[in-house]
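Just below is one structure, and these are the notes that go with it.
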Amino acid sequence: MTNCVVGIIPNINIYQRTDIFIYKILHSFVRRVPYTPLLATPARRHKFGAERDKKLTKAFDCRIILVMDQQKQIVILGIESSCDETAAAVVADGRRIISNVVLSQIDIHRLYGGVVPEIASRNHVQAIDKVVAQALSEASLTPADIDAVAVTYGAGLVGALLVGVSYAKGLAQALGKPLVAVNHIEGHICANYLTYPDLTPPYVCLLTSGGHTAIVNVRNYDEYDVVCSTVDDAVGEAFDKVARVLGLPYPGGPQIDKLAQQGKPVYKFHSVVTSNGNFSYSGLKTAVINLLHNAQQKGEQLSRADVAASFTCAAIDGLLDRLVAEVEQSGAKTVAVAGGVGANSYLRGRLQRLEGKGLRVCLPKLSLCGDNAAMIASRAYYMYCDNQFADLSLNACPTLKLRGEKPHR
Ligand code: KG4
Ligand code: ZN
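Residue numbers (this note's numbering): 1 to 409.
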């Protein structure tokens, strides 16, 4: 598709001219070299838009990317409501957080031992307007100052996602601003850009969230190569389920983390790495349940802290062993972590010890490991620069996969 440079046309508002005039200019620039054409600033493109882009793309058998005005920073309002956090943030140029507001519903869902989807949706509806207003006010900006509205459209709970998606569509339409639809998992990966403003792809990312577990080669902002992933439960899900068996409140991950620090990994479990190099967490969860039941039947008292420490080692060691193998095999110079389990102290400690000998280890700030909207705005920046906008037909996609992720057979 991308097989010619049409031309670099600085400081020309080409979209204000007629199509014919544009074609005339572009014809004079045509070269058969393997680059994409640079055409217009994002704001212009949004205004005059998609239809003309399509004509140009067809006429020149090329792809359109945008010329960024070096002086102007791009400010994006991100909105996140995929699970039990209502969040909004303002981020400049994908890297600098201007404001970051997260309203957690954990206290509400704790009563039920987990997230109740219907209750989550209702609370998002009540909170979203205030959370967005707070994010703008903390950034000392008005809605008119932002360049685009970005929103998580999947993966997540359908009702919860729909609250953010509907709100963002309405806001973008009312303000006449572009809308960017962000994949939540891609957002988690971008939390690293907010912590390490100099980090750029390629790198290997360990994805460890409540719904996803994978090792991903991040080749570019848009290109992910999933090396391996879980065939059943995600690692965060395993933490939450084992916590429940241990009688710990929701969400279980941080609770197990605390308890494990008081125990020793005296119980040995099977590796979570499968024979073909993927991950499986349902067996580990069952092994912990069996350990506790057997002890109970024998009237033995196990140390819950030792069980938590043993489970943590088994859950994390397999992930890190597989990560190290991938780094050795690919020769990667940088690894990054993404998702809620990235806050785990054992995982962070082990990863920090890997740093050195030519390997850089990136761990997002603790406040950016869990769900937040700053990571969504960061991801959206790279989509904005690449002309990837959504329209009002945008819908929630609860089972959205990471680009490059293939289902297990
Ligand atoms: O990435 P995330 O916020 O949500 C999804 O996108 O799924 O991850 C939430 C998961 C939960 O399962 C939670 O228990 C786990 O991350 N988690 C932790 C820790 N903090 C959060 N797991 C282990 N140790 C932690 N410190
Ligand atoms: Zn998440």
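Quick reminder that beta carbons are idealized off the backbone N, C-alpha and C, glycines included. Values in this document were obtained by computation on a predicted structure and should not be read as measured data.
According to DSSP, residues forming a beta bridge with residue i
{"i": "Ile418", "result": "Missing from the structure shown is residue 418; the chain here goes from 1 to 409 and no further."}
{"i": "Ile97", "result": "Val91"}
{"i": "Arg360", "result": "Thr334"}
{"i": "Ser229", "result": "Ala214"}
{"i": "Thr208", "result": "Thr213"}
{"i": "Glu85", "result": "Ser104"}
{"i": "Tyr267", "result": "None; Tyr267 has no bridge partner."}
{"i": "Tyr203", "result": "Val218"}
{"i": "Phe279", "result": "Thr230, Val273"}
{"i": "Ala390", "result": "Leu179"}
Pairwise C-alpha distance: residue j and residue i
{"i": "Thr86", "j": "Gly154", "result": "14 angstroms"}
{"i": "Thr213", "j": "Leu207", "result": "5 angstroms"}
{"i": "Gly299", "j": "Val272", "result": "29 angstroms"}
{"i": "Asp321", "j": "Gly342", "result": "16 angstroms"}
{"i": "Asp145", "j": "Asp386", "result": "21 angstroms"}
{"i": "Asn294", "j": "Leu171", "result": "56 angstroms"}
{"i": "Val242", "j": "Lys285", "result": "6 angstroms"}
{"i": "Gly339", "j": "Cys362", "result": "13 angstroms"}
{"i": "Asn11", "j": "Asp391", "result": "With a pLDDT of 34 at Asn11, under the threshold of 50, the predicted position of this residue should be treated as unreliable, though the coordinate-derived value follows. Straight-line Cα distance between these residues: approximately 27 angstroms."}
{"i": "Arg240", "j": "Leu136", "result": "Contrary to the premise, residue 240 reads as Asp rather than Arg in this sequence. About 34 angstroms."}
{"i": "Ile316", "j": "Val131", "result": "34 angstroms"}
{"i": "Val158", "j": "Glu80", "result": "13 angstroms"}
{"i": "Met375", "j": "Gln301", "result": "44 angstroms"}
{"i": "Val102", "j": "Asp257", "result": "22 angstroms"}
{"i": "Val182", "j": "Val288", "result": "36 angstroms"}
{"i": "Val5", "j": "Tyr193", "result": "Legend: pLDDT at Val5 = 38, less than 50; position of this residue unreliable, no value from coordinates given."}
{"i": "Arg44", "j": "Val75", "result": "Legend: pLDDT at Arg44 = 48, less than 50; position of this residue unreliable, value from coordinates given subsequently. Each residue's alpha carbon lies about 16 angstroms from the other."}
Residue i, buried or exposed, once every other Cβ within 10 Å from all chains shown has been counted against 16
{"i": "Pro197", "result": "exposed"}
{"i": "Asn290", "result": "exposed"}
{"i": "Leu246", "result": "buried"}
{"i": "Glu118", "result": "exposed"}
{"i": "Asn276", "result": "exposed"}
{"i": "His109", "result": "buried"}
{"i": "Lys472", "result": "Shown here, the chain extends from 1 to 409; a query on residue 472 therefore has no answer."}
{"i": "Ala174", "result": "exposed"}
{"i": "Ala148", "result": "buried"}
{"i": "Gln255", "result": "buried"}
{"i": "Thr399", "result": "exposed"}
{"i": "Gln296", "result": "exposed"}
{"i": "Pro249", "result": "exposed"}
{"i": "Leu179", "result": "buried"}
{"i": "Glu328", "result": "exposed"}
{"i": "Gln105", "result": "buried"}
{"i": "Glu326", "result": "buried"}
{"i": "Ala133", "result": "exposed"}
Helix, strand or coil at residue i [DSSP, three-state]
{"i": "Leu351", "result": "helix"}
{"i": "Asn294", "result": "helix"}
{"i": "Glu300", "result": "coil"}
{"i": "Thr274", "result": "coil"}
{"i": "Phe239", "result": "helix"}
{"i": "Asn183", "result": "strand"}
{"i": "Tyr196", "result": "coil"}
{"i": "Tyr112", "result": "coil"}
{"i": "Tyr153", "result": "strand"}
{"i": "Glu405", "result": "coil"}
{"i": "Tyr381", "result": "helix"}
{"i": "Tyr346", "result": "helix"}
(message) Whether or not the segment 216-230 and the segment 347-358 are in contact is what I'm after, with contact meaning three or more pairs of Cβ atoms, one per stretch, closer than 8 angstroms; do they touch?
(response) No: fewer than three Cβ pairs fall under 8 angstroms.
(message) Whether or not the segment 374-382 and the segment 168-187 are in contact is what I'm after, with contact meaning three or more pairs of Cβ atoms, one per stretch, closer than 8 angstroms; do they touch?
(response) Counting Cβ pairs under 8 angstroms, three or more are found: they touch.
(request) Determine contact between the segment 364-372 and the segment 227-236, defined as no fewer than three beta-carbon pairs at a distance below 8 angstroms. (result) No, they do not touch.
(message) Check whether the segment 117-131 and the segment 392-406 touch, using three or more Cβ-Cβ pairs below 8 angstroms as the test.
(response) With a cut-off of 8 angstroms on Cβ pairs, the segment 117-131 is not in contact with the segment 392-406, counting fewer than three such pairs.
(message) Measuring CB atoms only, is the segment 249-267 touching the segment 309-318, in the sense that at least three cross pairs come out at less than 8 angstroms?
(response) Touching, yes, given that three or more Cβ pairs across the two stretches are closer than 8 angstroms.
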